[in-house]
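Residue numbers (this note's numbering): 1025 to 1368.
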């Protein structure tokens, strides 16, 4: 009996050691929001089963959760359903150290459904807003699942919104969809988000669209503010690290370029498997990979679509096919040379 008690004691102790404290604050227009119920999820689907218990924010908007190590997404809702909040850094990596997370809240409005003129497909339309006003140059993305953390190409992208903030999707198959909206300062439809960009996650994700019906929604956005984190919003980090530099033809470091890596040797318009933040004045980058293998890598100034004339672009020259073997453990730093794209 004493042995059993000892084992149970050790198991309880090990469970408590494994738990990590996640603290944060929920704000609405930069003001603390009390009585918000904060929950953690194993992925970016807020309709799924939450991890652990609910934390309720205090009068200063503060909360604390004890969570096991791994990746988590944090969402919060008010008891009356009026407000919804998300962490712009979802998913967060919970490890052995305390984690701080800020969540920004938006007001929730219910979707309105009406008859669509095609009984075999569905449609979705709505308005993108910021602080209650329509916002232009925002791009709405539809995803069928959260496998890629609501990043990348997704299923469909809208055209940029006009001054009225309007967007629309026609001829959609009957399905559940996850909605995300982004506005970048460079006005590009794709690319990593940086401080000062805007984003929004639909509170009703996933929304169920039915054939012969139109759903009308409001998509409020928040401004990305992350204090000292001035680089691009990172991808979910992997355990395998790689560092290097991007330089010009003379070996001089190049700033404001991205390192990219694809598993497919035919580099297309899809989102890279690995993408770095923009390089600084030293031309250095650092990325992580989730799996070892051969990746086809390079560097470029922009993001999405084909490289444009004059854009700085380059591919890894260590192999004829531009492939780089990524191994578990130490990977030697790489240097990638980029030059302006020329059509002649």
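Think of the CB as a built atom: it goes at the ideal place given N, C-alpha and C, for glycine as much as any other residue.
Buried versus exposed call for residue i [16 or more other C-beta atoms within 10 Å across all chains shown]
i	result
residue 1153	buried
residue 1229	buried
residue 1207	buried
residue 1178	buried
residue 1304	exposed
residue 1297	buried
residue 1079	buried
residue 1357	exposed
residue 1302	buried
residue 1081	buried
residue 1332	exposed
residue 1112	buried
residue 1025	Caution is warranted here: a pLDDT of 45 is assigned to residue 1025, below 50, making its placement in the model unreliable, and the coordinate value is therefore given only provisionally. When all chains shown are included, residue 1025 counts as exposed.
residue 1085	buried
residue 1041	Confidence is the limiting factor: at residue 1041 the pLDDT is only 46, short of 50, which leaves the residue's position unreliable and the question unanswerable from this model.
residue 1048	buried
Whole-Å CB distance - residue i paired with residue j, under 8 Å assumed
i	j	result
residue 1130	residue 1046	About 21 Å separates the two Cβ atoms, so there is no contact after all.
residue 1185	residue 1160	5 Å
residue 1266	residue 1324	At roughly 17 Å, the Cβ-Cβ gap does not stay under 8 Å, so residue 1266 and residue 1324 are not in contact.
residue 1101	residue 1061	6 Å
residue 1348	residue 1307	Residue 1348 to residue 1307, Cβ: 17 Å. No contact.
residue 1233	residue 1196	6 Å
residue 1240	residue 1136	4 Å
residue 1095	residue 1127	The Cβ separation is near 16 Å, so there is no contact.
residue 1215	residue 1294	In fact, because the Cβ distance is near 14 Å, the residues do not count as touching under 8 Å.
residue 1170	residue 1068	4 Å
residue 1287	residue 1317	7 Å
Selected residue, minimal CA-CA separation from residue i, among the options
i	options	result
residue 1362	1343, 1339, 1184	1339
residue 1212	1182, 1234, 1151, 1093	1182
residue 1217	1316, 1242, 1249, 1146	1249
residue 1064	1239, 1283, 1114	1114
residue 1289	1276, 1344, 1311, 1303	1344
residue 1180	1203, 1187, 1171	1203
residue 1272	1210, 1157, 1337, 1172	1337
residue 1242	1316, 1190, 1360	1190
residue 1354	1043, 1268, 1330	1268
residue 1367	1108, 1330, 1341, 1357	1330
residue 1123	1357, 1087, 1326, 1360	1087
residue 1162	1246, 1199, 1201, 1140	1246
residue 1235	1209, 1198, 1260	1198
residue 1341	1359, 1332, 1326, 1327	1359
residue 1172	1327, 1053, 1066	1066
residue 1109	1056, 1140, 1141	1056
residue 1260	1275, 1300, 1072	1300
residue 1231	1168, 1053, 1140	1168
residue 1326	1311, 1285, 1210, 1275	1210
residue 1200	1346, 1071, 1275, 1222	1071
Short Cβ contact (8 Å threshold) for residue i with residue j
i	j	result
residue 1091	residue 1125	no
residue 1224	residue 1244	yes
residue 1365	residue 1334	yes
residue 1227	residue 1132	yes
residue 1283	residue 1313	no
residue 1320	residue 1291	yes
residue 1089	residue 1105	no
residue 1238	residue 1149	yes
residue 1352	residue 1270	no
residue 1147	residue 1193	yes
residue 1384	residue 1074	In the structure as shown, the chain begins at 1025 and stops at 1368. Residue 1384 is therefore absent and cannot be evaluated.
residue 1134	residue 1158	no
Residue-level contact to chain B via CB, residue i, 8 Å cutoff
i	result
residue 1317	Although the question refers to chain B, the structure presented lacks it and comprises just one protein chain.
Which full runs of the beta strand (DSSP E) of 3+ residues lie inside the segment 1063-1103, going along the chain? Those beta strand (DSSP E) runs which fall completely within the segment 1063-1103 and span 3+ residues are 1075-1080, 1086-1091, 1094-1102.
Length-filtered (4 minimum) alpha helix (DSSP H) runs lying within the segment 1217-1278: List check, alpha helix (DSSP H) in window: nothing returned.
Completely contained beta strand (DSSP E) runs for the segment 1099-1133, where each covers 3 or more residues: Annotation: the segment 1099-1133 contains the following complete segments of the beta strand (DSSP E) (minimum length 3 residues), in chain order: 1107-1111, 1116-1118, 1123-1131.
Would you list, in sequence order, the uninterrupted beta strand (DSSP E) runs of no fewer than 3 residues that lie entirely inside the segment 1168-1211? The segment 1168-1211 contains these whole beta strand (DSSP E) runs: 1190-1196, 1199-1207.
Within the segment 1277-1352, ranges of the beta strand (DSSP E) (whole runs, at least 3 residues): Taken in chain order, the complete beta strand (DSSP E) segments of 3 or more residues contained in the segment 1277-1352 are 1282-1286, 1308-1313, 1317-1324, 1336-1339, 1347-1350.
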